[in-house]
Amino acid sequence: MELTSPSFDDGGRIPGRHALRGLGCLGQNVSPALHWKDAPEATKSFAVTMFDPDAPTGSGWWHWVLVNIPADATGLAEGARPGKAIATRTDFGMAGYGGPCPPVGAEPHRYVITVYALDVDSLPLDNLSSGAMAGFMINSHLLAKTSISGYFGR
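Just so we're aligned, residue 11 is where the sequence shown starts under this note's numbering, counting upward by one.
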């Protein structure tokens, strides 16, 4: 599989409009656009995550977990959630996209966006499910995955 984003280059800076609006960050909290291709023929659904491995928590930070994306999808527009897709809870404590907002003065953090091709139509998750539970379910049904990374600092 291959993943690209018209919102930012892989390894590049994530634009401010995708940053969190809150906790001192002044972004628009709009999820980035994504395009993927070459998923396995057996794909029955997709999942998307955004994870910050540089967060000063000892365990990283889940910024976005979106599951049950239809198998015919080839991407997401900025701010989009297609069809019956479900956004699970992030480490901000609520469901949905939570943009980058690293501590002031820290080195820019890396945000890893991953698209997963899954062998099931849907995962038994809801908007209260944690990133760890979603990760477990995603990896239990994984056919293929692809990632890009972007950086954001303030």
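Beta carbons are placed, not taken as given, at the ideal position from N, Cα and C, and that holds for glycine.
Distance check between P112 and each of M104, L44, R164, I123 places R164 closest, using alpha-carbon atoms only. For S157, the CB contacts under 8 Å within the same chain, skipping 5 residues up- and downstream, are L13, V122, I123, T124, V125 in chain order. Scanning G160, F162, H151 for the CA closest to the CA of P50 turns up H151. Taking G141 as the centre and dropping the five residues before and after it, the same chain places the C-beta of T59, F61, W72, V75, T98, R99, T100, D101 closer than 8 Å to its C-beta, in chain order. Residue pairing by DSSP puts V122 in a beta bridge opposite F61, S159.
According to DSSP, residue pairing for K47 in a beta bridge involves E12. Collapsing the DSSP output to three states places A29 in coil.
From the listed residues L44, G106, D129, M147, the smallest Cα separation to N137 is found for G106. Beyond the five residues adjoining it in sequence on each side, G89 comes within less than 6 Å, by CB distance, of V40, S41 in the same chain, given in chain order. Taking C-alpha positions only, A29 is separated from G109 by approximately 4 Å. Following the DSSP letters along the chain, one finds N149 inside the alpha helix (DSSP H) bounded by residues 141-150. Rounded to the nearest whole angstrom, the CA to CA distance from P92 to A43 is 12 Å.
Under the DSSP definition of a beta bridge, S55 partners with P80, L128.
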